[in-house]
Every structure is written in structure tokens, then in C-alpha cells.
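In the UniProt record's numbering, the protein residues as written are 1 to 59.
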């Protein structure tokens, strides 16, 4: 049970770091691009997938 909690926390930390890096990347490099609107959509998709993967099996 403790291992599951630890893994869950680790996954959430990595997800947060990944999303932050993704935001920084888009702010720095994709400002002139038309694909900027994809960033929030992609991040929502990724975060939703991670949350589903992490929290569904536990219930």
C-alpha cells in the first residue's frame, strides 16, 4: 500500500514537471507558430490520461 502511494506521488511529480517543461517550451519556441493552441489541448489530454491511469485502478 505504501509503495502504491509512493508511485502515485512520483507519477504526479513527473507529470507536473513534464507539463511545466511543455509550457516553457511552447512559450519560448512556438510563439510565432499557429500550433500554440495545441499546447493546452495536449496538456489537458496528457494530464487527464495520467490522472485516469493513476486513480482508476485504486478504486
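The beta carbon of each residue, even a glycine, is placed where N, CA and C say it ideally should be.
Beta-carbon gap between residue i and residue j smaller than 8 Å
| i | j | result |
| --- | --- | --- |
| residue 51 | residue 19 | no |
| residue 43 | residue 29 | no |
Secondary structure of residue i, DSSP reduced to three states
| i | result |
| --- | --- |
| residue 3 | helix |
Other residues of its chain near residue i: CB distance less than 7 Å, five sequence neighbours each side excluded
| i | result |
| --- | --- |
| residue 3 | none |
| residue 11 | 50, 54 |
The alpha helix (DSSP H) enclosing residue i, as first and last residue numbers
| i | result |
| --- | --- |
| residue 47 | 38-55 |
Nonlocal neighbours in the same chain, by C-beta distance under 6 Å from residue i, ignoring five residues either side
| i | result |
| --- | --- |
| residue 15 | 50 |
Cut-off 8 Å between Cβ atoms - residues of its own chain near residue i, not counting five sequence neighbours on either side
| i | result |
| --- | --- |
| residue 39 | 22, 23, 26, 30 |
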